[in-house]
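Participant: 1 is the number of the first residue of the sequence shown in full-length UniProt numbering; add one for each residue after it.
C-beta atoms are modelled at their ideal positions from N, C-alpha and C, and glycine is treated no differently.
The structure follows.
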Amino acid sequence: MDDEFFPSTSEDKFLDLELDHRSTNSTANNRHLRLFVDDDDNDVEKLYLVPYRWWRQTQIGANETGVLYDVSAREVGGVGLLLDLRKVDDYRKSDNSKEIFSWHEYALLSGTMWLQALKWHSDSKVAAKEVHNPLLAGGVGNSEDVFPIQIRLSVSWETNSLIVKISLKDNMLDFYMRTCKVFIPGAELQIWDISGQTTQFFVNDRINLPNGSMGQSEEIPLELLIHGFPNSMKGRNIKIDELTEYDERDSSFSIGSVKMNGSSDHISSCSTPASASFSGYGYGKVGLLGLTGLQNLGNTCFMNSAIQCLAHTPKLVDYFLGDYKKEINRENPLGLNGELALAFGDLLRKLWAPGSNPVAPRMFKLKLSNFAPQFSGYNQHDSQEFLAFLLDGLHEDLNRVKCKPYIEVKDAEDRPDKEVADEYWKNHLARNDSIIVDLFQGQYRSTLVCPNCKKKSVTFDPFMYLSLPLPSTSMRTMTLTVVSTDGFTLPYPITVSVPKCGRLKDLIEALSTACSLRNDERLLVAEIYRNKVFRFLEEPSDSLALIRDDDKLVAYRLPRNNDTSPLVVFLHEVMDKPSELEKAVPSRKLFGIPLVARLSNISNGFDLCKLFLKLLNPFLMSSDDELNDHDLGAAADEASAMEEVPSPTVSGSNAVSDGETDDDPDFSTDFQFCIRDYCGATEIKMNKPLLVSKLSNKLEVHAFWSEKMMEKYDTCILSSLPEVFKPQLYTRRPQESVSLYKCLEAFLKEEPLGPEDMWYCPSCKKPRQASKKLDLWRLPEILVVHLKRFSYSRIIKNKLETYVDFPVEHFDLSTYISHEDGRLSNCYQLYAISNHYGGMGGGHYTAFINHGHGRWYEYDDDNVSPVSEDRIKTSAAYVLFYRRFT
1 MDDEFFPSTS EDKFLDLELD HRSTNSTANN RHLRLFVDDD DNDVEKLYLV PYRWWRQTQI
61 GANETGVLYD VSAREVGGVG LLLDLRKVDD YRKSDNSKEI FSWHEYALLS GTMWLQALKW
121 HSDSKVAAKE VHNPLLAGGV GNSEDVFPIQ IRLSVSWETN SLIVKISLKD NMLDFYMRTC
181 KVFIPGAELQ IWDISGQTTQ FFVNDRINLP NGSMGQSEEI PLELLIHGFP NSMKGRNIKI
241 DELTEYDERD SSFSIGSVKM NGSSDHISSC STPASASFSG YGYGKVGLLG LTGLQNLGNT
301 CFMNSAIQCL AHTPKLVDYF LGDYKKEINR ENPLGLNGEL ALAFGDLLRK LWAPGSNPVA
361 PRMFKLKLSN FAPQFSGYNQ HDSQEFLAFL LDGLHEDLNR VKCKPYIEVK DAEDRPDKEV
421 ADEYWKNHLA RNDSIIVDLF QGQYRSTLVC PNCKKKSVTF DPFMYLSLPL PSTSMRTMTL
481 TVVSTDGFTL PYPITVSVPK CGRLKDLIEA LSTACSLRND ERLLVAEIYR NKVFRFLEEP
541 SDSLALIRDD DKLVAYRLPR NNDTSPLVVF LHEVMDKPSE LEKAVPSRKL FGIPLVARLS
601 NISNGFDLCK LFLKLLNPFL MSSDDELNDH DLGAAADEAS AMEEVPSPTV SGSNAVSDGE
661 TDDDPDFSTD FQFCIRDYCG ATEIKMNKPL LVSKLSNKLE VHAFWSEKMM EKYDTCILSS
721 LPEVFKPQLY TRRPQESVSL YKCLEAFLKE EPLGPEDMWY CPSCKKPRQA SKKLDLWRLP
781 EILVVHLKRF SYSRIIKNKL ETYVDFPVEH FDLSTYISHE DGRLSNCYQL YAISNHYGGM
841 GGGHYTAFIN HGHGRWYEYD DDNVSPVSED RIKTSAAYVL FYRRFT
């Protein structure tokens, strides 16, 4: 038994017996079975004995032919059964759909055929009515549903038949008695070998006979698993059109397992001990398949979520449950020698096999890491990125094109779009042809238009999925402090609404309107951090998503006529005096909002001081202290007093401007100014020229405030700086919502290329910032929609929690496709969702899967549980999987 089909605990191990039917150089006396402990990575081909009428029900096997055996069963001394399988050579299969099948007809299937048929029956039940699922009801069946039987197999060349012995001494009495109810002595039984393995057994056994002897070959001990036949059906004939009318209590079927590959090392008879307990190993009524979870190997939830979505993709499941290995391309240098496809196929089969034990995808992860090394290790990754690499890797491993031809792309030359599109698609299929292309790839039309000469370029490119942006339907409110340089207006906060995913230019436009900006003014936005200018926001294309709610922004109103002049940024310093209890040396600290102006016509320290006092004028405590030219002149004779203000680095001096007349009195102030850099502080003298580097566009000046100046100006207003957004206590911001159709419209909207993506115009012979327009042209069978929730930059990473209202039953793309194909539907139905919960640093991935008729299940790593359909729409939806209506 293999734990792939029979759940066990972590301590359980099963013994598997394999018959070597490939060896051609051993004799009958040394043909042996290898006894080994099975694990998840062994891919052992099995044979299954099922009711033939059950097999004939499946559309998969309706046209399958095989070798027919007449089976005679007889008791041997009351302690065993003897089955004689004789080949029927002249049987002709009837095509009559009304032919009658006996309940004593069986079919011998390969593991692939059996699993396909099992899934077909499961899907049929789901389509018909509600199915009781024991996997979710707290159990996996009872001990009566499946039991093992040891058999001894040999070939009789005298009668040209297979001999099967079932001995009571090799088996428990209860199991033996139940076997006798299946193989009824004296009844006419027939077995169809659909797998073709028994024919190979005959050939290999004949080759292995010593000296061509026609004697009976050695008995080979094997283990058979029987899944009890319904007694109510025994001995009854039934027509094929009545097969769907049997009672659900009789829906468990007999199966057998005969492992037919492996090496020959040593014969070992395996009998069932009397104390053996098989409770919990059966799977009872198979019911709803595909409800097996995946173990988390360490931050592999991103992989588990995407795999579950693919493992429940129609047609892809049927493909990997079938004989997909014949299409593996081992010659493709872009693939992985078929190893990734084999690992994925093995994993998918385990997920669809009966049983509820979670599967550990270790081998699959190893193979994937060989194809995409970035997924090695145990770091968290993006499920959509993983999905893209997996689909690409599976395509290369399964590409039916062994030698890709070189194809030169022809120019459209004003030909009809349909003709050009068909040519592009034909060329694509000539190099790429796989199940992945068949199901997942569509085609869109890309149009580029030169803004200068209006040259148009049209191409038709394939796509594997649609990555849709999330446009904002609500506006983000942002609060900034507007600071004027006119010398009269106090700073004031202003709140504007901008698109949440907007750009800096959107913020500037909103601010300009809100503060009635004049034509001769411009706004300079700066981020303030710890009373300093952390950065100026000057690039119009910068995303507003980079600005956080707790940032503090100031918009400075500056005149346009001196835009080329250097900026001067005044930082405010005050002496920080420690308390009497503290034993610390007084030091200077920054406070307040930095003031910004242009250095126009400023030649010395006096001009700089005059500009600073003008900026401070609105903060004077009384109107009588407003700054005017007369007050400045009257105070000029007190300038020497600045030298007496305690300062280790800066002192004032008498200052008379070069253009001063006899009427200009002396000027004095209680402010001190310096320029700080990595070399220290450099004082600014009132009567000394101001040295400003021509290479620098910004001068940062520290202004030291005396106690007298702190009392003269309203520093509370100067220090008031609100955050961009301050949420109210006990209130929640309304959740932003957007329709999936709006996301699609944003994706298809015409927009100019960025400066870094210039298009070389063949007419202008120059790079141009062309406009680009995408249109859907050819839709795939499976439409994968990726919602672009994550944004990355050099400064910040962000996740959008926008709630996307996506259709579940009817996603109609008829109005969005440029090319109508009347043969195919443009409507889709949702069947899987990959979800991401949490933020950028980690988070967790899960999946919602539809098993038909509104039966949704949540796959959270190894935990699988039902979920109501009204709960699948959340702001965590990340990748949506749609299938076309047929």
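1. Considering only the alpha carbon of each residue, which of Phe673, Val458, Leu595 lies closest to Asp414?
2. Looking at the structure shown, is Pro689 part of a helix, part of a strand, or coil, going by DSSP?
3. Count the other C-beta atoms from every protein chain shown that fall within 10 angstroms of the C-beta of Gly212, then say buried if there are 16 or more, exposed otherwise.
4. What is the DSSP secondary structure of Glu75, reduced to helix, strand or coil?
5. What three-state label does DSSP hand Asn654 in the structure shown?
6. Could you compute how far the alpha carbon of residue 890 sits from the alpha carbon of Arg349?
7. According to DSSP, is Glu809 helix, strand or coil?
8. Considering Glu339, what are the terminal residues of the alpha helix (DSSP H) in which it resides?
9. Whole angstroms is fine: what's the gap from Thr874's alpha carbon to Leu108's?
10. Taking C-alpha atoms, which residue in Leu49, Val569, Leu85, Arg560 lies nearest to Ile194?
11. Using C-beta distances below 8 angstroms, list every residue in its chain close to Leu824, excluding the 5 sequence neighbours before and after it, in chain order.
12. Starting from the C-beta of Glu339, find all residues in its chain whose C-beta is less than 6 angstroms away, skip the five residues before and the five after it, and write them out in chain order.
13. From Glu521 to Val554, what distance separates their C-alpha atoms?
14. Comparing C-alpha positions only, which one of Gly839, Tyr831, Asp861 sits nearest to Ile849?
15. Using the rule of at least 16 other Cβ atoms within 10 Å of the residue's Cβ for burial, across every protein chain shown, is Gly298 buried or exposed?
16. In chain order, which continuous runs of the alpha helix (DSSP H) of length 4 or greater are located wholly inside the region 729-770?
17. Rounded to a whole number of angstroms, what is the C-alpha to C-alpha distance between Ala703 and Leu523?
18. To which residues does DSSP link Thr459 through a beta bridge?
19. Compute the beta-carbon to beta-carbon distance between Gly852 and His844, rounded to the nearest angstrom, for a pair I have assumed lies under 8 angstroms.
20. If distances are taken between C-alpha atoms only, which option among Asp174, Glu158, Trp157 comes closest to Pro148?
21. Short check: CB of Gln150 to CB of Glu223, under 8 angstroms?
22. For the candidate residues Arg588, Leu342, Ile435, Gln443, whose alpha-carbon lies nearest to that of Trp425?
23. Taking the straight line between their C-alpha atoms, what separation do you get for Asp862 and Thr300?
24. Quick check: Arg598 and Leu567, are their CB atoms within less than 8 angstroms of each other?
25. Going by the beta-carbon positions, is the gap between Ala73 and Pro185 smaller than 8 angstroms?
26. State the start and end residues of the unbroken beta strand (DSSP E) segment that holds Asn304.
27. Determine the direct distance from the alpha carbon of Pro354 to that of Thr846, and round the result to whole angstroms.
28. Within the continuous alpha helix (DSSP H) that includes Ile508, where are the two ends?
29. With three or more C-beta pairs closer than 8 angstroms as the rule, is the region 400-416 touching the region 370-385?
30. If you run the structure through DSSP and keep just helix, strand and coil, what is Met840?
31. Whose C-alpha, out of Gln384, Val164, Leu448, Ala877, is nearest the C-alpha of Leu800?
32. Suppose you measure from the CA of Lys614 to the CA of Leu620; what does that come to, to the nearest Å?
33. May I ask you to report which of helix, strand or coil DSSP gives Ser369?
34. Quick check: the Cα distance between Leu546 and Asp812, rounded to an integer number of angstroms?
35. Considering only their Cβ atoms, is the gap separating Pro727 from Pro493 smaller than 8 angstroms?
Facilitator: By the coordinates alone:
1. Taking the first residue of the sequence shown as position 1, residue 414 is located at position 414. Answer by Cα proximity: Val458.
2. If you number the sequence shown from 1, residue 689 lands on position 689. If DSSP states are grouped into helix, strand and coil, Pro689 belongs with the strands.
3. Working through the sequence shown from its first residue, we reach residue 212 at position 212. At Gly212 the pLDDT is 46, less than 50, meaning the model places this residue with poor confidence; the figure from the coordinates comes in the next sentence. It counts as exposed.
4. For the purposes of this step, residue 75 is taken as the residue at position 75 of the sequence shown. DSSP places Glu75 in strand when its eight states are reduced to three.
5. Here residue 654 refers to the residue found at position 654 of the sequence shown. Because Asn654 sits at a pLDDT of 38, beneath the cut-off of 50, its placement in the model cannot be relied upon, and the following sentence gives the value as read from the coordinates. Here Asn654 sits in coil by DSSP.
6. Nothing about residue 890 can be read from this structure; the chain reaches only from 1 to 886.
7. Numbered from 1 along the sequence shown, position 809 holds the residue referred to as residue 809. Here Glu809 sits in coil by DSSP.
8. Indexing the sequence shown from 1 puts residue 339 at position 339. It spans 339-352 - the alpha helix (DSSP H) in which Glu339 sits, taken as one unbroken run.
9. Numbered from its first residue, the sequence shown carries residue 874 at position 874. Numbered from its first residue, the sequence shown carries residue 108 at position 108. Rounded to the nearest angstrom, the two C-alpha atoms are 47 angstroms apart.
10. Working through the sequence shown from its first residue, we reach residue 194 at position 194. When Leu49, Val569, Leu85, Arg560 are compared, the shortest CA-CA separation from Ile194 is found for Leu49.
11. Taking the first residue of the sequence shown as 1, we reach residue 824 at position 824. Cβ-Cβ distances below 8 angstroms link Leu824 to Leu779, Arg884 in the same chain, with the five nearest sequence neighbours on each side left out; the list follows chain order.
12. Taking the first residue of the sequence shown as position 1, residue 339 is located at position 339. Excluding sequence neighbours, Glu339 sits near Lys367.
13. Numbered from its first residue, the sequence shown carries residue 521 at position 521. Numbered from its first residue, the sequence shown carries residue 554 at position 554. Computed Cα separation, rounded: 16 angstroms.
14. For the purposes of this step, residue 849 is taken as the residue at position 849 of the sequence shown. Put simply, of Gly839, Tyr831, Asp861 the residue whose alpha carbon is nearest the alpha carbon of Ile849 is Tyr831.
15. Taking the first residue of the sequence shown as position 1, residue 298 is located at position 298. Label assigned to Gly298: exposed.
16. Unbroken alpha helix (DSSP H) runs of no fewer than 4 residues, entirely contained in the region 729-770, are found at 740-748, following chain order.
17. Position 703 of the sequence shown, counting from 1, holds the residue named residue 703. Position 523 of the sequence shown, counting from 1, holds the residue named residue 523. Distance from the CA atom of Ala703 to the CA atom of Leu523, rounded to whole angstroms, is 24 angstroms.
18. Position 459 of the sequence shown, counted from the start, is the residue given in the question as residue 459. The partner list for Thr459 (beta bridge, DSSP) reads Ser446.
19. Numbered from 1 along the sequence shown, position 852 holds the residue referred to as residue 852. Numbered from 1 along the sequence shown, position 844 holds the residue referred to as residue 844. So it is not a contact: roughly 27 angstroms between Cβ atoms.
20. As a working note, residue 148 is residue 148 in the sequence shown. The residue among Asp174, Glu158, Trp157 with its C-alpha nearest the C-alpha of Pro148 is Asp174.
21. Here residue 150 refers to the residue found at position 150 when the sequence shown is read from its first residue. Here residue 223 refers to the residue found at position 223 when the sequence shown is read from its first residue. Taking 8 angstroms as the cut-off, the Cβ atoms of Gln150 and Glu223 count as close.
22. Locating residue 425 in the sequence shown gives position 425, where the first residue counts as 1. It is Gln443.
23. For the purposes of this step, residue 862 is taken as the residue at position 862 of the sequence shown. For the purposes of this step, residue 300 is taken as the residue at position 300 of the sequence shown. Take the alpha-carbon of Asp862 and the one of Thr300: they are about 11 angstroms apart.
24. To locate residue 598, count along the sequence shown from 1; it is residue 598. To locate residue 567, count along the sequence shown from 1; it is residue 567. Cβ distance < 8 angstroms, so Arg598 and Leu567 count as in contact.
25. Position 73 of the sequence shown, counted from the first residue, corresponds to residue 73. Position 185 of the sequence shown, counted from the first residue, corresponds to residue 185. Yes, they are a contact pair.
26. Position 304 of the sequence shown, counted from the start, is the residue given in the question as residue 304. Following the DSSP letters along the chain, one finds Asn304 in no beta strand (DSSP E) but inside the alpha helix (DSSP H) bounded by residues 301-310.
27. Position 846 of the sequence shown holds residue 846. Position 354 of the sequence shown holds residue 354. Each residue's Cα considered, the two are about 22 angstroms apart.
28. Position 508 of the sequence shown, counting from 1, holds the residue named residue 508. Boundaries of the alpha helix (DSSP H) harbouring Ile508: 504-514, taken from the DSSP string.
29. The region 370-385 vs the region 400-416: no contact.
30. Translated into the one-based positions of the sequence shown, residue 840 becomes position 840. It is coil, neither helix nor strand.
31. In the sequence shown, residue 800 corresponds to position 800, counting from 1. The candidate whose alpha carbon is nearest that of Leu800 is Ala877.
32. Taking the first residue of the sequence shown as 1, we reach residue 614 at position 614. Taking the first residue of the sequence shown as 1, we reach residue 620 at position 620. Spanning the two alpha carbons is a distance of roughly 11 angstroms.
33. Along the sequence shown, one-based indexing puts residue 369 at 369. If DSSP states are grouped into helix, strand and coil, Ser369 belongs with the helices.
34. Along the sequence shown, read from residue 1 onward, the residue named residue 546 stands at position 546. Along the sequence shown, read from residue 1 onward, the residue named residue 812 stands at position 812. If I take the Cα positions, the gap works out to 35 angstroms.
35. Here residue 493 refers to the residue found at position 493 when the sequence shown is read from its first residue. Here residue 727 refers to the residue found at position 727 when the sequence shown is read from its first residue. No, the Cβ-Cβ distance between Pro493 and Pro727 is not below 8 angstroms.
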